[in-house]
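All remarks here apply to the structure that follows.
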Amino acid sequence: MDADTRLRRALVLRDGAVVACFTKQRHVTHTVVLEPNGHAYTYVGPTGRPTRHLTPTALYAHVWMVDTAMRIRNRYVSCVSECPKLTPYVHRALIARSRRPQEIVYRRRGAFRIARWPKGPTYQTKGLWNDATQMLEIASIEGSARIRLHASGRIAFASFLVEMKRSDDEEGEDFVGNVPHVLVEQTLVLNTLPKCFAYPIAVLLAARDAHERELVTFDADAIERVAPDAAELESSTELPRNCAFIAQPSFRPLFTSPSDSQPLLSTRATDLTIETLARLLRTPTQTLDRAVAVHVSEQIAHVVGPDASVLIHHEQSGQAMTSVIEGIRGYFEVFAPHGAVAQRFTAETIPLRLEGFCEDVEQTQAIITRATEFARARQQETVVVSPLHHQSDASQEGSDGPTQVVETAETSIGRFRAFSDGRVRVVFADRTIVQVDKTQSHCSFIYRDGSQATCTTTAASPDQWQYLKAALEFAEWAFDTPEGRYEKHLQRQHQQLLIDKELQRITVRRELNGTTERGSQQAVEDTHGHESVPLSALSVALINQLQEQTQQHLSSVQALLTERDDSHSK
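Letter 558 of the sequence shown, counting from 1, is numbered 558 in full-length UniProt numbering, and no numbers are missing.
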């Protein structure tokens, strides 16, 4: 591997295929597409020309990229709910050529096919807690498998030994009757849990409940409370087998042209060709996001569940303490390494930093936004959820109706949502969240600093009323009939027309008054200049003043004429 080559992004699709994008020197892109069975891959170089190869005989320049994509496949193969029969792919040729021979151990053939988990009347809570990893942990009696449960109870990590597939010329090279095995690590989410790990996970969930309640021991009844079907689960289960033993080595036709009728990969959500996969890595869309089960980028993994939930964690988090983020229906919770909830927020109120998870502001925004896009793409699908999920099926079925969004609007003020049970929730631009109940008599506030307040709609303070008024106006519009909306629309148009006419009348009067005042001032100036001024340009007061002056002048002239006539008569 070149030192400049690094993994940029990897996708585990819902049919089990893996698409991994690698970059070299920031501009050169290499794409590796692992087929669902893992036995063959397609390489797309910088020129865009695809070539198909077998995984055990991968080219030397492809070994590191294929091995990286294969490890991602083996880690998240159990998260693909549409393909429950997919198992890890392990071939000795690939591991030996990827310079990881130290991970190979030799054990008796078939010794680790079955794992027997501890089962007794009672369990010691402290014995299942690992202080080093801050996780609940249980190991099989043979020591071939180990399960770790995060303290939040949302995600688990499994590690178990798998017999390796060898080439035909190596089948006879047994080491004193032993065959090579390798340790496979998997990430488990509880809504797509394999049946072979159901019993140990149920025990760990009961241990988590006992640990929170500070109980020293717990019994089988506690296990049945967290897993109703625990009595039917077997404590002795067969571990996942290596699918390399049943993989077909034959080649099938490779279709690369858009005119070809058969796609490269076919999923329930979409048909993907080489060109589509390349576009998926560059500019993801909602249609293509529907085909993604796991998204890995910058050591951050998004695991998309069949119920449109999204779990976000560090890709290598099975070995150390880490925080976990869970997103359900647009609401996110950040669980600290010790299991407590550190933060709660919505997709519209993303915090600047995630406690114990990510300190970069831009990366935080990108992580949550990507999770929201994946959840939105899967939200319309109905999938059966495992009974071991932390939320029961009954509670989910009861909440589907009331939480259904019947009307939404997004403006510069904020984002408005109306639910089928009559509630209204508004996320304003300053990150203030207001919720009005179905009776529109009580409301609750969550401010940007995390503080909360509740009040009635008639006793809201002036600061609260400016938020509440917008929410109530939206509620009145959202739950109205189409005829009522149209009637109110006509009323608003009529009111706006009256306002426009009144504003126009005021504007005209103002302009006329301004013209008269300017004309009067000009008339005064012209009068002082002894120039003729039209009578229409004079004000009433000025006209009266001129009339008085004219009358006085006429009176003085009349007096002079009278005196002149008197002198002549004498």
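The C-beta atom is built at its ideal place from N, Cα and C for all residues, glycine as well. Just so you know, these numbers come straight off a predicted model, no measurement behind them.
Please report how far the alpha carbon of residue i lies from the alpha carbon of residue j, in whole angstroms.
i           : j           : result
residue 34  : residue 184 : 18 Å
residue 124 : residue 131 : 15 Å
residue 12  : residue 474 : 41 Å
residue 83  : residue 484 : 49 Å
residue 330 : residue 349 : 10 Å
residue 247 : residue 150 : 34 Å
residue 237 : residue 198 : 9 Å
residue 464 : residue 8   : 46 Å
residue 431 : residue 295 : 28 Å
residue 120 : residue 18  : 41 Å
residue 38  : residue 156 : 24 Å
residue 422 : residue 468 : 15 Å
residue 301 : residue 69  : 14 Å
residue 144 : residue 448 : 49 Å
residue 496 : residue 506 : 15 Å
residue 14  : residue 32  : 17 Å
residue 552 : residue 545 : 11 Å
residue 243 : residue 91  : 10 Å
residue 560 : residue 554 : 10 Å
residue 412 : residue 433 : 15 Å
residue 77  : residue 161 : 16 Å
residue 353 : residue 344 : 12 Å
residue 140 : residue 239 : 11 Å
residue 241 : residue 326 : 30 Å
residue 596 : residue 492 : Any property of residue 596 remains undetermined from this structure, which presents the chain solely from 1 to 570.
residue 209 : residue 158 : 20 Å
residue 262 : residue 379 : Model confidence at residue 262 stands at a pLDDT of 42, short of 50, so the residue's coordinates are unreliable and nothing is read from them.
residue 547 : residue 558 : 16 Å
residue 455 : residue 443 : 6 Å
residue 556 : residue 541 : 23 Å
residue 304 : residue 189 : 9 Å
residue 178 : residue 299 : 36 Å
Give me, in chain order, the residues of the same chain whose beta-carbon lies closer than 7 Å to that of residue i; leave out the 5 immediate sequence neighbours on both sides.
i           : result
residue 152 : 324, 335 and 339
residue 245 : 165
residue 440 : 457, 472 and 475
residue 235 : 116, 117, 119 and 199
residue 383 : Reliability fails at residue 383, whose pLDDT of 36 lies under 50, so the model's placement of it is uncertain and the value that follows must be treated cautiously. If we look at residue 383 and ignore the five residues flanking it on each side, its Cβ neighbours are 81, 306 and 307.
residue 365 : 350
residue 16  : 36, 77, 80, 83 and 86
In chain order, what residues of the same chain have a beta carbon less than 6 Å from the beta carbon of residue i, not counting five sequence neighbours either side?
i           : result
residue 372 : 347
residue 211 : 125
residue 142 : none
residue 10  : 20, 72 and 296
residue 592 : This structure does not reach residue 592, given that the chain is present from 1 up to 570, and the question cannot be answered.
residue 396 : Caution is warranted here: a pLDDT of 36 is assigned to residue 396, below 50, making its placement in the model unreliable, and the coordinate value is therefore given only provisionally. Nothing meets the Cβ criterion.
residue 426 : 414, 416, 434 and 471
When we look at the beta-carbon of residue i and count the other beta-carbons within 10 Å, is it buried (16 or more) or exposed?
i           : result
residue 22  : buried
residue 191 : buried
residue 394 : Note that residue 394 has pLDDT 36, beneath the 50 cutoff, so the model's placement of it is unreliable and no number is given.
residue 127 : exposed
residue 27  : exposed
residue 58  : buried
residue 74  : buried
residue 543 : exposed
residue 110 : exposed
residue 163 : buried
residue 494 : exposed
Residue i lies in the alpha helix (DSSP H); which residues open and close that run?
i           : result
residue 224 : 220-226
residue 74  : 63-76
residue 474 : 462-478
residue 204 : 198-212
In the DSSP assignment, find the unbroken beta strand (DSSP E) run with residue i in it and report its ends.
i           : result
residue 304 : 300-304
residue 163 : 155-163
residue 94  : Per DSSP, residue 94 belongs to no beta strand (DSSP E); it is in the alpha helix (DSSP H), 92-97.
residue 327 : 324-328
residue 24  : 18-24
residue 416 : 414-419
residue 5   : 5-13
residue 234 : First-last for residue 234: undefined, no H or E at that position.
residue 104 : 104-108
residue 142 : No beta strand (DSSP E) contains residue 142, which DSSP labels as neither H nor E.
If I measure Cβ to Cβ from residue i and keep anything under 8 Å in the same chain, skipping five residues before and after, which residues do I get?
i           : result
residue 488 : 477 and 480
residue 122 : 217, 218 and 219
Taking only beta-carbon atoms, is residue i less than 9 Å away from chain D?
i           : result
residue 213 : In the structure shown, chain D does not exist; there is a single protein chain.
What are the uninterrupted segments assigned as beta strand (DSSP E) that are 3 or more residues long and contained completely in the stretch 423-460, given in chain order?
424-428, 433-436, 442-446 and 452-456
Within the stretch 349-381, note down every full alpha helix (DSSP H) run reaching 4 residues or more, in order along the chain.
361-378
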